[in-house]
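Notes follow the structure.
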Amino acid sequence: MTKLTSFLLLSTLLTPAAIASGEVETIEVTAARTGDLARAGVSLSVIEGTALENRQVYRLADVLAEVPGMAAATAGSVGGQTQLRLRGAEANQLLVLVDGVELNDPAAGDEVQFEHLTGLDIERIEVARAPLSAVWGSDAVAGVINIITKRAEEGVQGHVGGEYGAFDTKRLYGAVGTGSETFTSRLAVGYGKSDGTNVSRTGDEDDGYENLTVSGAIGVTPSEDFRLDLTMRHTDAESEFDGTDFATGLPADSDNRTENHSTTLGAAARMSLLDGRWQQGLRVTFLDTSIDNYVGEAADGATSAQRLGLYADAAFTLSEGHTLTLAVDHENTDFTQEGIAQPWGDPNQKRSMDVTGFVAAYQGDVLEGLTLNASVRHDDNSDFKNFTSWRFALSQDLMDGRGKVYASAARAQKAPTFVERFGFYSDQFVGNPDLTPERSVSVEVGGSYDVLPEKLTLGAAVYRTRLKDEINGFVFDPASGLYTAGNVDGKSKRDGFELTADARPVDGFSLSASYAFVNAKEPDGADGYKRELRRPKHSGSIVATWEATSALTLTASAAYTGEALDTFFPPWPLASETLTLKSYVLARVTGAYRINDHVSITARVENAFDEQYENIVGFATPGAAAYAGLRIAL
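Using mature numbering (1 follows the signal peptide of the UniProt record, and there is no 0), the letters of the sequence shown correspond one by one to residues -20 to -1, 1 to 614.
The following block contains the structure:
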């Protein structure tokens, strides 16, 4: 029996043809398999859509970088490659979902192209800072970012807006929706274009950027116990970037650009049986991406990928406070690379992989206030040995719910990417088809306490992760004279702790602060350890929002990134060097004034202290920048 046949058979068993009476609960996709996240024993950050609007967020990476334990690395100007690393993990070990569709891009080494992910029409973001491979599989080694877009309400609603500012940046956006008790639809469009800034340390050529994003959602609720959601998101983006000056090893002005196209589609049906004691879910998702590189007008290689995902889950309420979830999913992924064949290598290829996962998860109150979470997942992979991941957590309520402590342990796996295994880039990189998956075991202890109910909440978490067979993508291959990927002998260490505080001392004023210590080390090949690159040990942020009047809202934030290491590759035959990237603080101030019920004006200043910094060696970042805009509600 094939894996796909197994999936379809089990999904049929999990989806009864008849619909019994009951009420469908609104269950977001992160919680659909794990139960109630508040009781799941995970460190959780939640960013509401109103906070994104107050902060006038265009690139989601700007606000996600302030999540405790998150480190951002951007190749210079807006549109430059952006990587996010959570708790010392690699960028491709963080799963990102938008309306239940996985954004991790096989054409980009399983990383999310955060440089193109905008804040268009976002309702809510959940960041689960915990290994969740036992629920979601390979890409969730470090955690999960779940992005939920807005849905239409009853009646007609919508808005349009625009802004203009530094670097000749123009942005237009709008959304319209309509809804009734049984049908809702919403469409949002955002367009941005910027001349950008000069990425290299020398020269004067600016690297521009253009992005068009369209997001849509349709919801159908024919009865109280059934709901169907259809979602889509499409992005066309073009980024200009600098090549490498082989005389210095640093970026230098050049006429290079990348075109990116990404489309996601999702269809999700949920139903409720037996007065809500049996919750059903069935989803179909599709991802289609392409990355085309150009030097001048000449094509310089391309990668593309398509992924079809089928997911089914059934959650049974065994008794009050006890839920058992059974799930199965199947993903088929195709990867294509195109380029100019060389005598020493040919990039042109097509690859595919199938993975079927079987999940069992339990959440239950074993004692008063004590919740047990247990998840086990078995992955049947067409290219690697089968693997079983697991996660167990205990969460205890304290002091009549004012406090909570939790402890967890988890086993996770990240499969090598198509690029790591088969990628070929002339004069740069050749893949290694003999790579083995990375595997980790993690433990965490944390908690939170309402020092002053609804006024001040403090939180803390301590974690320890050991990663075996970490993949190093910069291993010199003497046979080809190129770099390749290889598994590192020994275990990498990722240890740290996080502190958080959320305060609402008076009505209309909120303050949140966080600090994270991350100690990420990998074996150095000589029975010792060395710090991993682009992972600062110290980071933190402060965000304050003040509703000064019923019409005026002000927000100020400051994000600190400590010193980090990076590698500089000077011209051959000089050896690579490990350099220290200096610490920096990025300050942001925004304001919005509502003239009347329909019209608001906005303003913001980014990098208010005009910090001159790099978080990738050689890539200069923008200085202080100001923007102003107008928003009109229908």
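Virtual Cβ for every residue (Gly too), placed ideally from N, Cα, C.
Selection ARG474, VAL356 and ALA544 evaluated against GLU594 yields ALA544 as nearest (Cα-Cα).
One Cα belongs to GLY571, the other to ASP293, and the distance between them is close to 44 Å. Secondary structure at VAL455: strand, using DSSP grouped into helix, strand and coil. In the DSSP assignment, ASP42 falls within the unbroken alpha helix (DSSP H) covering 40 to 44. By the neighbour-count criterion, in which a residue is buried when 16 or more other Cβ atoms sit within 10 angstroms of its Cβ, TYR144 is exposed. Rounded to the nearest whole angstrom, the CA to CA distance from LEU290 to GLY199 is 19 Å.
In the three-state reduction of the DSSP assignment, GLN137 falls in the strand class. In chain order, ASP101 and GLU103 place their CB closer than 6 Å to the CB of LYS130, counting only its own chain and leaving out the 5 sequence neighbours on each side. About 5 Å separates the beta carbons of THR303 and GLN343, which is inside the 8 Å limit, making them a contact pair. In the DSSP assignment, ALA389 falls within the beta strand (DSSP E) that extends over 383 to 394.
Around the beta carbon of ASN366, fewer than 16 other beta carbons sit within 10 angstroms, so the residue counts as exposed. Between LEU40 and LEU97, the gap from beta carbon to beta carbon is short of 9 Å. Assigned with DSSP and collapsed to three states, ALA496 falls in strand. Within the region 494 to 555, the beta strand (DSSP E) runs of at least 3 residues that lie entirely inside it are, in chain order, 509 to 511, 518 to 527, 532 to 541 and 544 to 548. Counting the other CB atoms within 10 Å of its CB gives TRP116 a total of 16 or more, which places it among the buried residues. Judged by DSSP secondary structure, GLY337 falls within the beta strand (DSSP E) whose first and last residues are 329 to 347. Annotation: the continuous beta strand (DSSP E) that includes ARG444 extends over 436 to 448. Looking at the DSSP output, SER252 shares a beta bridge with GLN259. In the structure shown, the three-state DSSP call for GLN73 is helix.
Counting C-beta atoms within 10 angstroms of its own C-beta, SER460 has fewer than 16 neighbours from the protein chains shown and is therefore classed as exposed.
Under the three-pair Cβ rule at 8 Å, the region 508 to 528 counts as touching the region 474 to 489. In this structure, DSSP gives GLY29 a helical state, which the three-state scheme calls helix.
Spatial neighbours of ALA146 in its own chain (CB-CB distance under 7 Å, excluding positions within 5 residues in sequence) are listed in chain order as ALA605, ALA606 and TYR607. Taking a C-beta distance under 9 Å as the contact criterion, ASN353 and ASP334 do not qualify as a contact pair. One Cα belongs to ALA295, the other to LEU254, and the distance between them is close to 12 Å. When only Cα atoms are considered, GLY505 and GLY453 end up about 15 Å apart. Per DSSP, GLU418 is one residue of the beta strand (DSSP E) stretching across 418 to 432.
Under a 10 Å Cβ-count criterion, VAL431 is classified as exposed, with fewer than 16 other Cβ atoms of the shown protein chains found around its own Cβ. The region 155 to 171 makes contact with the region 120 to 134: 3 or more CB pairs, one atom from each, lie closer than 8 Å.
In this structure, GLY256 places its C-beta atom within 9 Å of the C-beta atom of THR297.
Shown here for GLU220: same chain residues with a beta carbon closer than 6 Å to its own, the five before and five after excluded, namely ASP187, GLY188 and ARG237 in chain order. According to the DSSP assignment, TRP370 belongs to the beta strand (DSSP E) that extends over 367 to 378.
Counting the other CB atoms within 10 Å of its CB gives VAL22 a total of 16 or more, which places it among the buried residues. Per DSSP, LEU100 has no beta-bridge partner at all. For PHE364, the secondary structure class from DSSP, reduced to helix, strand or coil, is coil.
The continuous beta strand (DSSP E) containing PHE221 extends over residues 206 to 225.
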